[in-house]
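Colleague: If you scroll down you'll find the structure; I have some questions about it.
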Amino acid sequence: MPKHLLIVESPAKARTINKYLGKDFQVLASYGHVRDLVPKEGAVDPDDGFRMRYELIDKNEKHVDAIAKAAKAADSIWLATDPDREGEAISWHIAEILRERGLLDGKQLRRVVFTEITPRAIREAMDQPRDIAGELVDAQQARRALDYLVGFNLSPVLWRKIKAGLSAGRVQSPALRMIVEREEEIEAFKPREYWTIEAACAHPSQPFNARLVKLDGQKVEQFTITDAATAEAARERIAAAAQGSLHVTDVASKERKRRPSPPFTTSTLQQEAARKLGFTTRRTMQVAQKLYEGVAIGEEGTVGLITYMRTDSVNLSQDALGEIRDVIARDYGTASVPDKPNVYQTKSKNAQEAHEAVRPTSALRTPAQVARFLSEDERRLYELVWKRTIASQMIPATLNTVTVDLAAGAEHAFRASGTTVVVPGFLAVYEEGKDSKGKEDEDEGRKLPAMKLGDRIALEKVQTDQHFTQPPPRYTEASLVKALEEYGIGRPSTYASIIQTLLGKQYAVLDGRAFKPTDVGRAVSKFLSNHFTRYVDYDFTARLEDELDAVSRGEEEWVPLMEKFWGPFKEQVDEKKATLDKTDAGSVRVLGEDPASGRQVSARIGRFGPLVQIGTVEDEEKPRFASLRPGQSIYSITLEEALELFRLPRVLGESNGMEVSVGIGRFGPFARRGDTYASLKAGDDPYKIDLERAVALIEEKEEIARNRVIKEFPGSDIQVLNGRFGPYLSDGRLNGKIPKDRDPASLTLEEATRLLEETGKPARRGFGAKKAAAKKAATRKAPAKKAAAKASTAKKAAKKATAKKAARPLSGDVEPARPLVTAARFEPGKKRVVKKTDAAPF
């Protein structure tokens, strides 16, 4: 029997480490967090020192029981969860659960961290155990409590003022504000016209273009030429002055050095994987997790390929530096190795969390060597990490920029530039991706022909080009992560979950690879910015993050931090609740008056999303509503566009003595004739479709319906029908299969009845009917014992579902929690006190 129990977070890591530690150790996985806050009010009690009530997470309860069982038999317990705040908190939760169950008495409890999953790293970590870092746990608890309190107190305000089911998050809301403000910048942007003039030069060895830099003796700026007439007149003056050639008046050559980028942190890995690989932040972290936890590499066995991927550090260990320099010398020559290792400055002040940068666990494992053992995503990400790490320790690239000035007469001049690589240095391995290219980048790699002062270069033509200034681009995942990091909002390990929340709540959508806020997202952001300005302020959010970091370093106590935040926040929430009905929602936009009725026309967020409305609740006549069309927004729709939406349903005319109309229903646009409804197809516009097309769709639907019934049996509900996947039987309650070798039209009633009894499954006639039919069929077929077990399970599930339905949603920055186990009190400078409680709320 194993003498020692070691607990990690993931089963993949458990399997890898188990091979390294031998038979004296049993390695089990917690499967992430084991406890979370109770999903109801009172889970964090500000009046009792911010005491926090926890519960076991349902899906991990069986894993906790397995850990407890193993702990009972073990001589010592080693906590080896991930080396960050979340991992530290998981270790603390596991320790508290085991302590409550009396399983730590007389046993050693040790905390170890693995920043890479390799035999050497694990041996070193096991030789240096420590206690659970209380400061990191405090920081995680404070963050969790803040997110909970913000979510539980702000979300109900959004429900009442905008729409049910919305949520506000401490970090999510400033991130949404960024996306919304960028969209407003784009909408407010007024493009400006400008023109450029270039000379197409016909040098004997190589043609090239040069841009105009001087016109009529004056320096050319971006808006020197702003219309076609001015541009054409300038072109004619230049061509006349040049008389078929340009005169070289200056040739300048300048060398410069470009240093490599530092090795990856969490944030830069997410940004670069988005730019170069097209990965989402979530996909990047999932793939990186697999590479960290271990991959089977042939005879070498399972080994972690990269170091821990949640880090703010750009440091590399001395061992890693030595190996990297050896690989550079071997593969790229000793001249590519700098005299001393390149040193980069880390931004993180959290020494306890500043591990190494994200790097290969061994630089000797080249991407080519391990490629056949990896999935395509794993191979691409590993190659990115390996190349960036190797490049970070190479010599700078030496670039030579040549600039040539060419005169057209005495008053006009052009300039051409080219940049060539003299010594590639790190560029032989890797170059950082860019969101956009500047002038210098455009010239890079462009080589000009040899020219000297006094040369005359043949002028082929002078050409003009029209341009318009462009609005700022929408945020991509890469640029949003970069902006969040620059502002100090959130932490890199949380960016993936922040982005998923914004998309999952439909506060923003991805238009290509860029974020576009939805109307609901804009309404939420506007409301919070108007009424809770401080809590979506970028600087305030960043300062709060800094204070949480200070808690993690032991420089600040967490309860005073919570008190400083909670007092003003609660006061403002209470004030807004009291004056809620008197405030502007930020989601209602008055467009004007309906010419037909004289009633107000407005655009707003309704219960089911954005809509336009004629009239108000104060009018004697009830308001009329119409949903927006795809691509329309309540923030940009015009009065004319809004009124157009009320043209539905449209009567198109008559067919077969019945009225034909089009409208939009629950399942989209449709055409109707009598009792027949036919969905419009892609490309059919309900506002433009004509009678002929609508009738064609209706008759196509009726033809399908006529051919649906293959055979009926007088006096019976059973029918033989044509379905999407072929013929089948149905009596309205059950659907049954027909053998492939049987002609459906030749079935008798007796055969159909038998087949329906043998193969029948509940017909999909709606959730309630399906559930009832399934329950009836199960009761008829299953033994009594099995039915009783199912009923018990269903009752338990229903109870949990009811509890979840009653609970309010948490902050959008975190996942919701589950059933109660303990409440914990944290007091500055004192040992944590954990007490057992019942399920009653505080």
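For reference, each letter of the sequence shown is one residue, going 6 to 847 in this note's numbering.
In this text, a Cβ means the ideal position worked out from N, Cα and C, and glycines have one as well.
The model shown is predicted, which means the values in this text are computed figures rather than measured ones.
(1) Between which two residues does the alpha helix (DSSP H) holding P674 run?
(2) Starting from the C-beta of L10, find all residues in its chain whose C-beta is less than 6 Å away, skip the five residues before and the five after it, and write them out in chain order.
(3) Would you say L181 and Y512 are within 8 Å of each other, going by their C-beta atoms?
(4) Alpha helix (DSSP H) containing I246: first to last residue?
(5) Going by C-alpha to C-alpha distance, which of R115, E762, D542 sits closest to W97?
(6) Among residues of its own chain, excluding the 5 on either side of A257, which ones have a beta-carbon nearer than 6 Å to its beta-carbon?
(7) Among the candidates E190, P88, E598, V176, whose CA atom is the shortest distance from the CA of P476?
(8) Within 10 Å of its beta-carbon, does G27 have 16 or more other beta-carbons around it, so buried, or fewer, so exposed?
(9) Determine whether the beta carbon atoms of R629 and F613 lie at a separation below 8 Å.
(10) Taking the alpha helix (DSSP H) that R165 belongs to, which residues open and close that run?
(11) Can you tell me the Cα-Cα spacing of P824 and P767, whole angstroms?
(12) Within 10 Å of its beta-carbon, does S318 have 16 or more other beta-carbons around it, so buried, or fewer, so exposed?
(13) On a Cα-Cα basis, can you pick out the residue from K112, D152, K686 that is closest to Q177?
(14) How would you call N320, buried or exposed, if buried means at least 16 neighbouring beta carbons within 10 angstroms?
(15) Could you tell me the boundaries of the alpha helix (DSSP H) in which M57 lies?
(16) Check each candidate in V427, G299, I610, N535 and name the one with the smallest Cα separation from S15.
(17) Tell me, please, which residues DSSP counts as bridged to D410.
(18) Assuming A421 contacts L464 under a Cβ cut-off of 8 Å, what Cβ separation, rounded to an integer in Å, is found between them?
(19) Between which two residues does the beta strand (DSSP E) harbouring P615 extend?
(20) Using alpha carbons as the reference points, say which of S557, S592, F537 lies closest to E580.
(21) Which complete beta strand (DSSP E) runs does the region 531 to 555 hold, if anything under 3 residues is left out?
(22) Give the list of continuous beta strand (DSSP E) stretches no shorter than 3 residues that lie fully inside the region 682 to 745.
(23) Quick one: is T254 buried, meaning 16 or more other Cβ sit within 10 Å of its Cβ, or exposed?
(24) Scan the region 455 to 498 and note each continuous beta strand (DSSP E) run of 3 residues or more that stays entirely inside, going in chain order.
(25) Below 8 Å, can you find three or more Cβ-Cβ pairs linking the region 35 to 46 to the region 331 to 340?
(26) Where does the unbroken alpha helix (DSSP H) through G668 begin, and where does it stop?
(27) Where do the N-terminal and C-terminal ends of the beta strand (DSSP E) with A205 fall, by residue?
(28) Tell me whether K442 is buried or exposed, calling it buried when 16 or more other Cβ atoms sit within 10 Å of its Cβ.
(29) Note the first and the last residue of the continuous beta strand (DSSP E) segment covering P522.
(30) Below 8 Å on the Cβ atoms is my guess for T265 versus M399; work out the distance and round it to an integer in Å.
(31) According to DSSP, is E623 helix, strand or coil?
(32) From the DSSP output, read off the bridge partner residues of E69.
(33) Looking only at C-alpha atoms, which of S607, A19, G47, A94 sits nearest to I127?
(34) Do L84 and I99 come within 8 Å of each other at the CB atom, strictly closer than that value?
(35) Along the chain, where does the alpha helix (DSSP H) containing E659 start, and where does it finish?
(36) Drop a sphere of 10 angstroms on the beta-carbon of D87, count the other beta-carbons inside from all chains shown, and report buried for 16 or more, exposed for fewer.
Modeller: A quick look at the data gives this:
(1) Working through the sequence shown from its first residue, we reach residue 674 at position 669. No alpha helix (DSSP H) holds P674; the beta strand (DSSP E) holding it covers 673 to 678.
(2) Within the sequence shown, residue 10 is the residue found at index 5, counting from 1. Cβ neighbours of L10 beyond the five flanking positions: Q31, A75, A76, A79, I82.
(3) Residue mapping note: residue 181 aligns to position 176 of the sequence shown, counting from 1. Residue mapping note: residue 512 aligns to position 507 of the sequence shown, counting from 1. Against a cut-off of 8 Å, the Cβ pair of Y512 and L181 comes out as a contact.
(4) Locating residue 246 in the sequence shown gives position 241, where the first residue counts as 1. Correcting the residue type first, residue 246 is Ala in the shown sequence and not Ile. 233 to 247 is the extent of the alpha helix (DSSP H) around A246.
(5) For the purposes of this step, residue 97 is identified with residue 92 of the sequence shown, where counting begins at 1. Minimum Cα distance to W97 is reached at R115.
(6) For the purposes of this step, residue 257 is identified with residue 252 of the sequence shown, where counting begins at 1. Taken in chain order, the residues that qualify are T408.
(7) As a working mapping, residue 476 is identified with position 471 in the sequence shown. Residue E190 is the option with its Cα nearest to P476.
(8) Position 22 of the sequence shown, counting from 1, holds the residue named residue 27. Label assigned to G27: exposed.
(9) Locating residue 629 in the sequence shown gives position 624, counting from the first residue. Locating residue 613 in the sequence shown gives position 608, counting from the first residue. Result no, Cβ atoms of R629 and F613 do not sit closer than 8 Å.
(10) As a position in the sequence shown, residue 165 is number 160, starting the count at 1. Per DSSP, R165 belongs to the alpha helix (DSSP H) from 139 to 166.
(11) The residue you call residue 824 lines up with position 819 of the sequence shown. The residue you call residue 767 lines up with position 762 of the sequence shown. A caution first: P824 carries a pLDDT of 29, below 50, which makes its placement in the model unreliable, though a value can still be read off. In a straight line, the C-alpha of P824 is about 34 Å away from that of P767.
(12) For the purposes of this step, residue 318 is identified with residue 313 of the sequence shown, where counting begins at 1. The residue in question, S318, is buried, as its Cβ has 16 or more Cβ neighbours within 10 Å.
(13) Residue numbering aside, residue 177 sits at position 172 when the sequence shown is read from its first letter. When each option's Cα is compared against that of Q177, the closest is D152.
(14) Position 315 of the sequence shown, counting from 1, holds the residue named residue 320. The residue is buried, with at least 16 neighbouring Cβ atoms inside 10 Å.
(15) Sequence index remark: in the sequence shown, residue 57 carries index 52 (1-based). Where M57 is concerned, there is no enclosing alpha helix (DSSP H), although the beta strand (DSSP E) it sits in stretches over 56 to 61.
(16) Residue numbering aside, residue 15 sits at position 10 when the sequence shown is read from its first letter. The shortest C-alpha separation from S15 is found at G299.
(17) The sequence position of residue 410 within the sequence shown is 405, counting from 1. Looking at the DSSP assignment, D410 forms a beta bridge with D255, R420.
(18) Against the sequence shown, residue 421 aligns to sequence position 416. Against the sequence shown, residue 464 aligns to sequence position 459. In fact, because the Cβ distance is near 13 Å, the residues do not count as touching under 8 Å.
(19) Here residue 615 is taken as the residue at index 610 of the sequence shown, counted from 1. Segment 614 to 619, the beta strand (DSSP E) holding P615.
(20) Counting from one through the sequence shown, the residue named residue 580 turns up at place 575. Closest option to E580, Cα to Cα, is F537.
(21) none
(22) 714 to 717, 724 to 728, 731 to 735, 739 to 741
(23) One-based indexing of the sequence shown puts residue 254 at position 249. Looking at its Cβ environment, which holds fewer than 16 other Cβ atoms inside 10 Å, T254 is exposed.
(24) 461 to 473
(25) no
(26) By one-based count along the sequence shown, residue 668 stands at place 663. Counting along the chain, G668 falls outside any alpha helix (DSSP H), though it belongs to the beta strand (DSSP E) covering 663 to 670.
(27) Residue 205 sits at position 200 when you count from the first residue of the sequence shown. 198 to 206 is the extent of the beta strand (DSSP E) around A205.
(28) The count along the sequence shown starts at 1 and reaches residue 442 at position 437. Low per-residue confidence applies at K442: pLDDT is 44, beneath 50, and the placement is therefore not dependable, though the value from the model is reported in the following sentence. So K442 counts as exposed.
(29) Position 517 of the sequence shown holds residue 522. Note, P522: beta strand (DSSP E), 519 to 522.
(30) Position 260 of the sequence shown holds residue 265. Position 394 of the sequence shown holds residue 399. The amino acid occupying residue 265 in the given sequence is Pro; Thr does not appear at that position. Between M399 and P265 the Cβ distance is about 6 Å, and since that is below 8 Å, they are a contact.
(31) As a first step, residue 623 is located in the sequence shown; it is residue number 618 there, counting from the start. Coil, per DSSP.
(32) Counting from one through the sequence shown, the residue named residue 69 turns up at place 64. A small fix is needed here, since residue 69 is Val in this sequence, not Glu. The partner list for V69 (beta bridge, DSSP) is empty, contrary to what the question assumes.
(33) For this step, residue 127 is matched to residue 122 along the sequence shown. The option with the nearest alpha carbon to I127 is A19.
(34) The count along the sequence shown starts at 1 and reaches residue 99 at position 94. The count along the sequence shown starts at 1 and reaches residue 84 at position 79. Cβ atoms of I99 and L84: closer than 8 Å.
(35) Residue 659 sits at position 654 when you count from the first residue of the sequence shown. No alpha helix (DSSP H) contains E659, which is instead part of the beta strand (DSSP E) from 655 to 660.
(36) Position 82 of the sequence shown, counting from 1, holds the residue named residue 87. The residue is buried, with at least 16 neighbouring Cβ atoms inside 10 Å.
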